[in-house]
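So, in structure tokens, the structure goes:
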């Protein structure tokens, strides 16, 4: 269903170029809400910008541009107005993501306090896709005319802060996904074939816990040294202990009584995600003795370079974006972005954190089918919006910064703009986000006990 709606969102860009009416749906796709179609369309713009960034950072792109006759002349482009070396590599990623961030931040400001689809600004949210695409292209073109100077260094710190917040949003979405998954399978178990569904729950839970525990063992083996890497030992031990604590709390009788749908499935998914964040943080440690690449684990280690050879902690432009932790980060990002676009949650705590209303499915009476047999998205926001337009765009703004940091492997630009350097601040940002994320998950478990007078159903 999600893939079908994603494809239909592409068609909506053509069918809703200038209007704000509900967009057409393919007859093979199920009816859905206009609000869902709009979120999918904006997510598609973000994914499109991500694809462009990936292409720009591919190794060898600069050489290919130089082979185009008249494109790059003496290191310049178009009469010396734009340097060719900012069209590829990490500089291009910074500018592309800067353009996407500005685009979504602008919409976040415009859509503040939109209460229903009757607000004139809702027409901008749900229509005019062709013009919005032109605005994004215009901002992107303008971003490549920004002089080098301190732009990349300043925008790096914006990326660190924004990515820290977005990692927390990712964890909230994963918590919501785990709750919805557990609740769905429990309901199916109650309806029939109980043994099959409980066996499936048990298998997924054990698999996630097994992967998380395996990760802990591998971390101790490859990312610690007997007389070094003290930070890594602390990070691994603390996060392993915290995961055990939240798993135990999730199955406490009082917690189960207050939240019957809570269980080990959610705890296992959160534990596995926490191990990924721990791994991602350790891969940004500038101490290469504590941070071996995956290639070094399967290949003989290279000898220490003699004086005068470039520092191994420096990464050439566009050379290491495909590191394993970066690929996993992109996969999780894609999942969370699409899930945020089509989610329909019944978890009140998560809905409050994400500023959305309780989701309701489409009924047969609500399906809008024209005389021509073509289905149309239903406007379900005449009485009130189902999600905060402003917060949704702010999340995409943070996602743009997260993509920037992920594609550049969280490396800090070097002063000569020829390389990028790993730094400890990136390590601490990720580790702190994992701790705060575990705290948020723990809060979803104990909140009904701490605040018994509030409704958390």
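Residue numbers (mature numbering (1 follows the signal peptide of the UniProt record, and there is no 0)): -16 to -1, 1 to 441.
All residues carry an ideal CB built from backbone N, CA and C; glycine is no exception.
All of these numbers come straight from a predicted model, not from anything done at the bench.
Residues in the same chain with beta-carbon distance under 8 Å from residue 100, minus the five sequence neighbours each way, listed in chain order, please. For the purposes of this step, residue 100 is taken as residue 116 along the chain shown, with counting starting at 1. Around residue 100: 106, 365, 366, 367, 368 and 369.
Report the residue ranges of all beta strand (DSSP E) runs contained in full by the region 379 to 438; include only those spanning at least 3 residues, in chain order. 403 to 405
Is the beta carbon of residue 264 closer than 7 Å to that of residue 396? As a first step, residue 396 must be located in the chain shown, where it is residue number 412. As a first step, residue 264 must be located in the chain shown, where it is residue number 280. No, the Cβ-Cβ distance between residue 396 and residue 264 is not below 7 Å.
Could you compute how far the alpha carbon of residue 154 sits from the alpha carbon of residue 175? Numbered from 1 along the chain shown, position 170 holds the residue referred to as residue 154. Numbered from 1 along the chain shown, position 191 holds the residue referred to as residue 175. Residue 154 and residue 175 have their C-alpha atoms some 32 Å from each other.
Distance CB(residue 385)-CB(residue 88) smaller than 7 Å: On the chain shown, position 401 is the one that residue 385 refers to. On the chain shown, position 104 is the one that residue 88 refers to. For residue 385 and residue 88, no; Cβs fall outside 7 Å.
Does DSSP put residue 344 in a helix, a strand or coil? Your numbering for residue 344 matches position 360 in the chain shown. With a pLDDT of 46 at residue 344, under the threshold of 50, the predicted position of this residue should be treated as unreliable, though the coordinate-derived value follows. Residue state, collapsed to three classes: coil.
Could you give the distance in angstroms between the alpha-carbon of residue 250 and the alpha-carbon of residue 159? By one-based count along the chain shown, residue 250 stands at place 266. By one-based count along the chain shown, residue 159 stands at place 175. Their backbone Cα atoms lie some 7 Å apart in a straight line.
Quick one: grab the DSSP three-state call for residue 9. For the purposes of this step, residue 9 is taken as the residue at position 25 of the chain shown. In this prediction, residue 9 scores a pLDDT of 43, lower than 50, which makes its location untrustworthy; no coordinate-derived value is stated.
CB-CB under 6 Å to residue 216, same chain, minus the five flanking residues each way: which ones, in chain order? For this step, residue 216 is matched to residue 232 along the chain shown. 207, 208, 266 and 274, listed in sequence order.
Name the DSSP beta bridge partners of residue 212, please? Position 228 of the chain shown, counted from the first residue, corresponds to residue 212. DSSP lists 209 as partners of residue 212.
From the beta carbon of residue 34, is the nearest beta carbon of chain C less than 7 Å away? Here there is only one protein chain, and chain C is not present.
Assumed close pair residue 323, residue 157 - CB separation to whole angstroms, cut-off 8 Å: Translated into positions along the chain shown, residue 323 becomes position 339. Translated into positions along the chain shown, residue 157 becomes position 173. About 6 Å separates the two Cβ atoms, so the contact holds.
Which of helix, strand or coil DSSP assigns to residue 304: For the purposes of this step, residue 304 is taken as the residue at position 320 of the chain shown. Model confidence at residue 304 stands at a pLDDT of 48, short of 50, so the residue's coordinates are unreliable and nothing is read from them.
Exposed unless 16 or more other CB atoms sit within 10 angstroms - verdict on residue 464: Outside the shown range of the chain (-16 to 441) lies residue 464, about which nothing can therefore be said.
Can you tell which of 423, 418 and 426 has the C-alpha that lies nearest to the C-alpha of residue 148? Start at 1 with the first residue of the chain shown, and residue 148 comes out as number 164. That would be 418, whose Cα lies nearest to the Cα of residue 148.
DSSP state of residue 230 mapped onto helix, strand, coil: In the chain shown, the residue the question calls residue 230 occupies position 246. Helix.
To the nearest angstrom, report how far apart residue 220 and residue 92 are at their CA atoms. Position 236 of the chain shown, counted from the first residue, corresponds to residue 220. Position 108 of the chain shown, counted from the first residue, corresponds to residue 92. Going from the Cα of residue 220 to the Cα of residue 92 covers about 37 Å.
Measuring only the C-alpha atoms, how far is residue 191 from residue 94? In the chain shown, the residue the question calls residue 191 occupies position 207. In the chain shown, the residue the question calls residue 94 occupies position 110. Taking the straight line joining both Cα atoms gives about 45 Å.
Considering only C-alpha positions, which residue in the set 200, 235 and 229 is nearest to residue 218? The residue you call residue 218 lines up with position 234 of the chain shown. Here the closest residue by C-alpha is 200.
Just to check my reading of the structure: residue 230 and residue 422 have Cβ atoms closer than 8 Å, yes? What is that Cβ distance to the nearest angstrom? Locating residue 230 in the chain shown gives position 246, where the first residue counts as 1. Locating residue 422 in the chain shown gives position 438, where the first residue counts as 1. About 6 Å; that satisfies the 8 Å criterion.
Anyone know if the C-beta pair for residue 97 and residue 127 falls short of 7 Å? For the purposes of this step, residue 97 is taken as the residue at position 113 of the chain shown. For the purposes of this step, residue 127 is taken as the residue at position 143 of the chain shown. No. Outside cutoff.
Taking C-alpha atoms, which residue in 177, 81 and 102 lies nearest to residue 142? In the chain shown, residue 142 corresponds to position 158, counting from 1. Nearest of 177, 81 and 102 to residue 142, Cα basis: 81.
When DSSP labels each residue in this structure, what does residue 198 get in the three-state scheme? Counting from 1 along the chain shown, the entry for residue 198 is found at position 214. Residue 198: helix per DSSP, three-state reduction.
Selection from 388, 110, 319 and 166 that minimises the alpha carbon distance to residue 136: Sequence index remark: in the chain shown, residue 136 carries index 152 (1-based). Taking only the C-alpha atoms, the option nearest residue 136 is 388.
Whole angstroms is fine: what's the gap from residue 394's alpha carbon to residue 179's? As a working mapping, residue 394 is identified with position 410 in the chain shown. As a working mapping, residue 179 is identified with position 195 in the chain shown. In a straight line, the C-alpha of residue 394 is about 45 Å away from that of residue 179.
Applying the criterion that 16 or more other CB atoms from any shown protein chain within 10 Å of the CB defines a buried residue, is residue 429 buried or exposed? Looking up residue 429 in the chain shown gives position 445. Flag for residue 429 reads buried.
Give me the Cα-Cα distance between residue 245 and residue 74, rounded to the nearest whole angstrom. Residue numbering aside, residue 245 sits at position 261 when the chain shown is read from its first letter. Residue numbering aside, residue 74 sits at position 90 when the chain shown is read from its first letter. So the alpha carbons of these two residues sit roughly 44 Å apart.
When you compare the CB positions of residue 150 and residue 383, do they come within less than 7 Å of one another, or not? Within the chain shown, numbered from 1, the residue matching residue 150 stands at position 166. Within the chain shown, numbered from 1, the residue matching residue 383 stands at position 399. Taking 7 Å as the cut-off, the beta carbon of residue 150 is found closer than this to the beta carbon of residue 383.
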